[in-house]
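Residue numbers (our numbering): 13 to 391. Beta carbons: idealized from backbone N, C-alpha and C, even for Gly. Worksheet: one structure, shown below.
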């Protein structure tokens, strides 16, 4: 089998072997329902509690503050819709470069009479406390700004934004799906009320995520049933998924400091070498950028064509969020930071994981110049 290089880790990551090993027993021998009072049910319930403790430890919160969900999208929806409906206020503030899980939740709330106000982002994807101060008022229910952007990697000033939200009586939510285990997150230090994570971005399984809900913060549920997850997410627990998320969180945090430093080195090498290509430019900031993200544009080349050419060379990358990969429209993130439609459609996103190897980086840096040259020759 020909070797390949995988640089689409912002879309999804490989499940760690240790995570798979943690999950497997709960598909077969230990398959009891955590709600059952017999010994198999008790075994499953203990596994859920272990997962809750591990996930909470990674966020520096209490286990009781973790609500397991089906993933980042559900966590974002539950946070925004639940906070808005519970508050009695009618305004939501979010940024123009949020994931569609946040923006579409806001659009839904608009059909119910809520107002959404978008924070602008500058040319590097940064939002500012000053802009939030100008837009927020006492009718604001919740402010939602992602910790790090999923396309261009910009890290936002979460603690300062949360402080401003609280000064006006609003809750603060952050989508930390891309940032979790790749940057320093501490919900107590940053005074965050609601925070979303997803298992498959950190070498855990797909179909599992969590929403941190600060003790004392009340939100309305979107689902109704048997009362699991403190009534916030009623459904028979996904025990293998929860076990996987907990283990993935524990594994990532154990080596996070070294992993981040190594990914930063790889990221910077990739940026430096790809920017030496004629007509290449960087999207997003040079500093205060997610360790795993490098995002480029190439004059005169369509990003989709470049991704397909690289795939034929066994190098896997992307143009933007996997949720919009099939779209022919320019990324809303790119247009929000001032890129033209043509520039937005010329994008290449390179995303690393803690398992990315130096050999994969070498393969990428061999392939990209050849692919760009080949596509320009055809023009």
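- Residue state for residue 222 is assigned as strand, using DSSP reduced to three classes.
- By the criterion of at least three beta-carbon pairs nearer than 8 angstroms, the stretch 213 to 222 is not in contact with the stretch 135 to 147.
- Within the stretch 115 to 156, complete alpha helix (DSSP H) segments of at least 4 residues are found at 141 to 147, given in chain order.
- Assignment of residue 328 by DSSP, reduced to helix, strand and coil, places it in the strand class.
- Inclusion of residue 154 and residue 71 in the CB contact set at 8 angstroms is not warranted, their separation being larger than that value.
- With fewer than 16 neighbouring CB atoms inside 10 Å of its own CB, residue 179 falls in the exposed class.
- Ranked by Cα distance from residue 23, the options 190, 48, 76 are led by 190.
- Per the C-alpha coordinates, the member of 37, 126, 355 positioned closest to residue 151 is 126.
- For residue 363, the enclosing beta strand (DSSP E) stretches over residues 359 to 363.
- Rounded to whole angstroms, the gap between the alpha carbons of residue 225 and residue 187 is 13 angstroms.
- Counting along the chain, residue 99 sits inside the alpha helix (DSSP H) bounded by residues 84 to 99.
- Per DSSP, the unbroken alpha helix (DSSP H) holding residue 170 starts and ends at 170 to 179.
- Beta-carbon to beta-carbon, residue 109 and residue 133 are separated by about 5 angstroms, close enough to satisfy the 8 angstroms threshold.
- Considered as a whole, the stretch 246 to 317 harbours 292 to 294, 305 to 310 as its complete beta strand (DSSP E) runs of no fewer than 3 residues, in chain order.
- Secondary structure at residue 103: strand, using DSSP grouped into helix, strand and coil.
- The beta carbons of residue 317 and residue 291 sit about 14 angstroms from each other, so the pair does not count as a contact at 8 angstroms.
- Residue 160 sits in a strand when the DSSP states are folded into three classes.
- Taking C-beta separations shorter than 6 angstroms and ignoring five residues to either side along the sequence, the partners of residue 205 in its chain run 183, 184, 226, 229, following chain order.
- Taking all protein chains shown into account, residue 64 has 16 or more neighbouring C-beta atoms within 10 Å of its C-beta and is therefore buried.
- Nearest to residue 283 by C-alpha distance, out of 364, 120, 259, 209, is 364.
- Of the residues 15, 41, 347, the one whose Cα lies closest to the Cα of residue 252 is 41.
- When the beta-carbon positions are compared, residue 107 and residue 157 come within less than 8 angstroms of each other.
- For residue 101, the number of other beta carbons within 10 angstroms of its own is at least 16, and it is reported as buried.
- For residue 232, there is no enclosing beta strand (DSSP E), as DSSP marks it with neither H nor E.
- About 20 angstroms separates the Cβ atoms of residue 384 and residue 278, ruling out a contact at the 8 angstroms cut-off.
- Under the three-state reduction of DSSP, residue 67 is assigned to helix.
- A straight-line Cα-Cα distance of about 40 angstroms links residue 124 and residue 265.
- Per DSSP, the unbroken alpha helix (DSSP H) holding residue 344 starts and ends at 344 to 348.
- Counting only residues of its own chain and dropping the five nearest sequence neighbours on each side, residue 315 has a CB closer than 7 angstroms to the CB of 331, 357, 358, 359, 360.
- Here residue 54 carries a helix assignment [DSSP, helix/strand/coil].
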